[in-house]
Amino acid sequence: MSNAYRSALLGLLLALPPASAQVADPIEERQRAPLAGRYALQGSPDAGSELLLKPDGRFEWSLRSGAMAQSATGRWNVGAGMVVLTAQAPAQPSALFSLDEVAPWNAGAQKRLDEFAQERYQALTEDACGYLRTYRVGLEQGELGAATTAAADPGGPTTRRSGAEGELAPALAALEQARLALETAAAAVRPIPWQRPPSAIEAAAAAAQAAATGVDRDGQDTADRAAQTYLERLQQAKELHAAAGRALPALRDPRLGRERCLDPAAQADPSGGYAVVVGDPALHARAEGIGVEFVYSDGRSERSETSPGGWALAVRRAGARLERVVLQAPDRPGETLALDERRGRIFAVRLDSAAAMPAPFEQLILSQDDGDLISPQIRGRYVRK
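Residue numbers for the sequence shown follow the working numbering, beginning at 730 and rising by one.
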């Protein structure tokens, strides 16, 4: 469920009095009789609500506004001209998620997976070889800076033109030297194994040893510094060519060895993947922002989150099958659903939106007005049917 949806539903009922608010003294059933009955909310065009006050002191309350719905049950009392509803908390939270349908893999799911797999590949390789992220982010920032400079001064600087001309060749030579150094450093990197990042103790020990001996055991720091140096010299070359009014010549991109950085255990199987689609059929709505952890038979797992369309995706991996998913709604414990991919690989999961929301109130106080019941927190008045 998206945070916007959750906030809208919570905002429907404003801050209501806490349990410590005034509570009326209990009364006998004969004293409840004049107020017992079924009431409907009137004067609120955006919401519909009903209240049933039973003679034995129990109540049932419901409210619906558009696709949003809430309900509560509990006890009611009367005193000092007020009706006080005290909601009964559920004995234990009900399950939010249940497996609804299973469908075979299809072309639409594959199209979504192809886009997801590209993002996954980039993230995994950058996690394993940090210099790849340094290089990508540096290029993006350099392009943004160049665009900003061009917009501020389309004609480019002119005062340094003659001096810049003489600096072009040395700058290109330094850039080529930095490119070769980056390629050498990248080839020497030992990628971090998938789902086994170094512990804090291991990382601290490695840093201490590198500082003491000057040796970078896995080559990560050396490659990161080489990437930064290359990006700095690339930026210098661009600035000098702009100052000289010259176009930057075609440059060879450094070979970064990205394919080496993907752990074989993380390699995606080309035969498709898995999809979990979360929604509430009662509201005809999909759920965004639900955490989904895909757990494989080899004990590894991958985490994702449902998109605005309610989709979360995972790849298939050789030698492992999907066993279960752990679904996490905001402010709720995770729930596990066992899955059998032999039935299909698109899993429609039903979300009980009402169960996902906290109780609409602990206590609701209604004042009596000529037979009607009024709450300052709810627009309109409850009129007996």
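The beta carbon of each residue, even a glycine, is placed where N, CA and C say it ideally should be.
Owing to the predicted nature of the structure, the values given are computational and were not obtained by experimental measurement.
GLY1028 sits exposed, since fewer than 16 C-beta atoms from the chains shown fall within 10 Å of its C-beta. Distances from the alpha-carbon of PRO1059 to those of ALA1077, LEU1095, LEU1042, GLU1017 put GLU1017 closest.
Judged by pairs of C-beta atoms under 8 Å, the region 1099 to 1110 does not touch the region 1067 to 1086, as fewer than three such pairs exist.
DSSP, reduced to helix, strand and coil, places GLN771 within a strand of the structure shown. Looking from the CA of GLY948, the closest CA among SER1082, LEU861, SER1096, ALA824 belongs to LEU861. Rounded to whole angstroms, the gap between the alpha carbons of CYS858 and GLU844 is 22 Å. Positions of the beta strand (DSSP E) runs, each at least 3 residues long and wholly inside the region 1046 to 1086, are given as 1051 to 1057, 1064 to 1067, 1075 to 1080 in order along the chain. Inside the region 978 to 1027, DSSP marks no whole alpha helix (DSSP H) run of 4 or more residues.
Put simply, of ALA1085, PHE826, ASP953 the residue whose alpha carbon is nearest the alpha carbon of PRO920 is ASP953. For ALA838, the enclosing alpha helix (DSSP H) stretches over residues 836 to 857.
In this structure GLY1002 touches ARG1045 by the C-beta definition: roughly 5 Å separates them, less than 8 Å. Nearest C-alpha to VAL1054 among LEU1042, TRP834, THR1035, VAL1024: VAL1024.
When rounded, the separation of the alpha-carbon atoms in GLN817 and GLY786 is 12 Å. At the C-beta level, ALA838 and ALA966 stay beyond 7 Å of one another.
Taking a C-beta distance under 7 Å as the contact criterion, ALA893 and ALA972 qualify as a contact pair. Taking 7 Å as the cut-off, the beta carbon of ASP829 is found closer than this to the beta carbon of ARG1079. In the DSSP assignment, GLN799 falls within the unbroken beta strand (DSSP E) covering 797 to 808. With fewer than 16 other beta carbons inside 10 angstroms of its own, SER823 counts as exposed. Counting along the chain, ALA816 sits inside the beta strand (DSSP E) bounded by residues 811 to 816. Per the DSSP secondary-structure output, GLY766 pairs in a beta bridge with LEU782. When only Cα atoms are considered, GLY772 and ALA765 end up about 21 Å apart. Distances from the alpha-carbon of PRO983 to those of ALA1041, LEU911, ALA836 put LEU911 closest.
For ARG793, the secondary structure class from DSSP, reduced to helix, strand or coil, is strand. Rounded to the nearest angstrom, the gap between the Cα atoms of ALA762 and TYR1111 is 17 Å. Taking a 10 Å sphere around the C-beta of GLU968, we find 16 or more other C-beta atoms and assign the residue as buried.
Below 8 Å, enough C-beta pairs join the region 1004 to 1015 and the region 1034 to 1043 to call them touching: three or more. In this structure, GLY871 and GLN964 form a Cβ contact; the two beta carbons are roughly 5 Å apart against a cut-off of 8 Å. Counting C-beta atoms within 10 angstroms of its own C-beta, ALA801 has 16 or more neighbours from the protein chains shown and is therefore classed as buried. When C-alpha distances from ALA776 are compared across TYR768, GLY795, ARG767, the shortest belongs to GLY795.
With at least 16 other beta carbons inside 10 angstroms of its own, THR854 counts as buried. Residue environment: ALA1085 is assigned as buried (16 or more neighbouring CB atoms within 10 Å of its CB, all protein chains considered). Rounded to the nearest whole angstrom, the CA to CA distance from ALA955 to ILE1075 is 44 Å. In the three-state reduction of the DSSP assignment, ALA973 falls in the coil class. When the beta-carbon positions are compared, LEU814 and PHE788 come within less than 7 Å of each other. In this structure, DSSP gives ARG919 a state outside helix and strand, which the three-state scheme calls coil.
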